[in-house]
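J.:
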Amino acid sequence: MTKADIIEGVYEKVGFSKKESAEIVELVFDTLKETLERGDKIKISGFGNFQVRQKKARVGRNPQTGKEIEISARRVLTFRPSQVLKSALNGEAPPENHAEIDAREEENDENEDFDSEDMDSEDMDGEGAEGGKY
(Lines of atoms letter the chains of each structure in order from A and count residues from 1; the text may use other names and numbers.)
(Lines give C-alpha, C1' and ligand atoms only; values in the text may rest on other atoms or scores of the structure.)
Protein backbone atom coordinates (compact mmCIF):
# COMPACT_ATOMS: atom_id res chain seq x y z
CA MET A 1 0.00 0.00 0.00
CA THR A 2 1.26 3.44 -0.89
CA LYS A 3 0.44 6.90 0.40
CA ALA A 4 -1.72 7.39 -2.71
CA ASP A 5 -3.70 4.27 -1.74
CA ILE A 6 -4.25 5.66 1.75
CA ILE A 7 -5.43 8.98 0.30
CA GLU A 8 -7.81 7.10 -2.02
CA GLY A 9 -9.17 5.12 0.95
CA VAL A 10 -9.83 8.30 2.95
CA TYR A 11 -11.46 9.85 -0.12
CA GLU A 12 -13.78 6.85 -0.61
CA LYS A 13 -14.70 6.26 3.04
CA VAL A 14 -14.96 9.78 4.44
CA GLY A 15 -16.30 11.62 1.43
CA PHE A 16 -13.85 14.52 1.44
CA SER A 17 -12.45 15.71 -1.87
CA LYS A 18 -9.22 14.10 -3.05
CA LYS A 19 -7.36 17.32 -2.27
CA GLU A 20 -8.75 17.46 1.28
CA SER A 21 -8.01 13.75 1.77
CA ALA A 22 -4.42 14.27 0.62
CA GLU A 23 -4.00 17.22 3.00
CA ILE A 24 -5.32 15.19 5.94
CA VAL A 25 -3.05 12.22 5.19
CA GLU A 26 -0.03 14.54 4.78
CA LEU A 27 -0.89 16.27 8.07
CA VAL A 28 -1.10 12.94 9.90
CA PHE A 29 2.25 11.76 8.50
CA ASP A 30 3.91 15.11 9.25
CA THR A 31 2.63 14.95 12.84
CA LEU A 32 3.91 11.38 13.26
CA LYS A 33 7.30 12.32 11.80
CA GLU A 34 7.69 15.42 13.98
CA THR A 35 6.74 13.44 17.10
CA LEU A 36 9.29 10.71 16.34
CA GLU A 37 12.00 13.27 15.48
CA ARG A 38 11.57 14.70 19.00
CA GLY A 39 12.10 11.18 20.36
CA ASP A 40 8.54 10.86 21.68
CA LYS A 41 6.68 7.56 21.63
CA ILE A 42 3.51 7.14 19.53
CA LYS A 43 0.77 4.87 20.91
CA ILE A 44 -2.13 4.08 18.60
CA SER A 45 -4.73 2.11 20.53
CA GLY A 46 -5.66 -1.14 18.79
CA PHE A 47 -2.73 -0.78 16.37
CA GLY A 48 0.62 -0.54 18.15
CA ASN A 49 3.51 1.58 19.41
CA PHE A 50 6.22 3.42 17.51
CA GLN A 51 9.34 4.32 19.46
CA VAL A 52 12.74 5.79 18.63
CA ARG A 53 15.61 4.00 20.35
CA GLN A 54 19.24 4.98 20.60
CA LYS A 55 21.72 2.32 19.50
CA LYS A 56 25.29 2.43 20.73
CA ALA A 57 28.30 2.29 18.44
CA ARG A 58 29.63 -1.22 18.09
CA VAL A 59 32.10 -3.33 16.17
CA GLY A 60 30.67 -5.39 13.32
CA ARG A 61 32.14 -7.65 10.71
CA ASN A 62 32.04 -7.50 6.92
CA PRO A 63 30.52 -10.89 6.06
CA GLN A 64 32.47 -11.14 2.78
CA THR A 65 35.94 -10.33 4.10
CA GLY A 66 35.61 -10.94 7.84
CA LYS A 67 37.20 -7.53 8.44
CA GLU A 68 36.02 -5.67 11.56
CA ILE A 69 34.25 -2.35 10.96
CA GLU A 70 32.89 0.31 13.28
CA ILE A 71 29.09 0.61 13.19
CA SER A 72 28.24 4.13 14.31
CA ALA A 73 25.73 5.07 17.00
CA ARG A 74 22.34 5.90 15.59
CA ARG A 75 18.64 6.22 16.30
CA VAL A 76 16.32 3.51 15.04
CA LEU A 77 12.55 3.30 14.82
CA THR A 78 10.84 0.28 16.35
CA PHE A 79 7.23 -0.81 16.03
CA ARG A 80 5.46 -3.16 18.41
CA PRO A 81 2.01 -4.26 17.24
CA SER A 82 -0.83 -4.36 19.75
CA GLN A 83 -2.55 -7.60 20.75
CA VAL A 84 -5.56 -6.42 18.74
CA LEU A 85 -3.47 -6.13 15.55
CA LYS A 86 -1.68 -9.43 16.24
CA SER A 87 -5.05 -11.17 16.65
CA ALA A 88 -6.35 -9.65 13.41
CA LEU A 89 -3.24 -10.75 11.50
CA ASN A 90 -3.63 -14.31 12.75
CA GLY A 91 -7.36 -14.52 12.02
CA GLU A 92 -8.27 -14.75 15.70
CA ALA A 93 -11.18 -13.06 17.44
CA PRO A 94 -10.14 -9.63 18.70
CA PRO A 95 -9.58 -9.27 22.44
CA GLU A 96 -12.70 -8.05 24.20
CA ASN A 97 -11.43 -5.01 26.13
CA HIS A 98 -9.01 -2.88 24.08
CA ALA A 99 -8.34 -0.36 26.87
CA GLU A 100 -7.45 -3.07 29.39
CA ILE A 101 -5.14 -4.79 26.92
CA ASP A 102 -3.46 -1.49 25.99
CA ALA A 103 -2.86 -0.75 29.70
CA ARG A 104 -1.35 -4.23 30.20
CA GLU A 105 0.89 -3.81 27.15
CA GLU A 106 2.09 -0.42 28.39
CA GLU A 107 2.90 -1.93 31.78
CA ASN A 108 4.80 -4.76 30.07
CA ASP A 109 6.75 -2.23 27.95
CA GLU A 110 7.82 -0.35 31.09
CA ASN A 111 8.84 -3.53 32.94
CA GLU A 112 10.52 -5.24 30.00
CA ASP A 113 14.04 -6.52 30.76
CA PHE A 114 15.01 -7.16 27.13
CA ASP A 115 16.54 -4.14 25.45
CA SER A 116 16.55 -4.24 21.67
CA GLU A 117 19.35 -1.63 21.54
CA ASP A 118 21.82 -4.48 21.33
CA MET A 119 20.11 -5.99 18.30
CA ASP A 120 20.30 -4.96 14.69
CA SER A 121 18.21 -6.22 11.81
CA GLU A 122 21.36 -8.13 10.78
CA ASP A 123 21.23 -9.91 14.16
CA MET A 124 17.69 -11.16 13.53
CA ASP A 125 18.83 -13.90 11.12
CA GLY A 126 19.76 -16.18 14.01
CA GLU A 127 23.51 -15.74 13.76
CA GLY A 128 25.74 -13.98 16.26
CA ALA A 129 28.60 -11.60 15.45
CA GLU A 130 31.00 -14.52 15.11
CA GLY A 131 28.68 -16.32 12.69
CA GLY A 132 27.59 -18.95 15.22
CA LYS A 133 23.98 -19.84 15.85
CA TYR A 134 22.25 -18.53 18.97
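The opening residue of the sequence shown carries number 0 in numbering that gives the first Met the number 0; numbering runs sequentially from there. Quick reminder that beta carbons are idealized off the backbone N, C-alpha and C, glycines included. The structure displayed is predicted, hence computed values, not measured ones.
Please classify Ile43 as buried or exposed, where buried requires at least 16 neighbouring CB atoms within 10 angstroms.
T.: exposed
J.: Closer than 8 Å is the cut-off here; do at least three beta carbon pairs connect the stretch 54-62 with the stretch 13-23?
T.: Segments in contact, no.
J.: Starting from Phe28 and walking both ways along the alpha helix (DSSP H), at which residues does that stretch end?
T.: Taken as a continuous stretch (DSSP letters only), the alpha helix (DSSP H) holding Phe28 covers Lys17 to Glu36.
J.: For Ile5 and Lys40, I'd like the C-alpha separation in whole angstroms.
T.: Just so you know, the alpha carbons of Ile5 and Lys40 end up roughly 23 Å apart.
J.: Please report the residue range of the beta strand (DSSP E) in which Glu69 lies.
T.: Residues Glu67 to Ile70.
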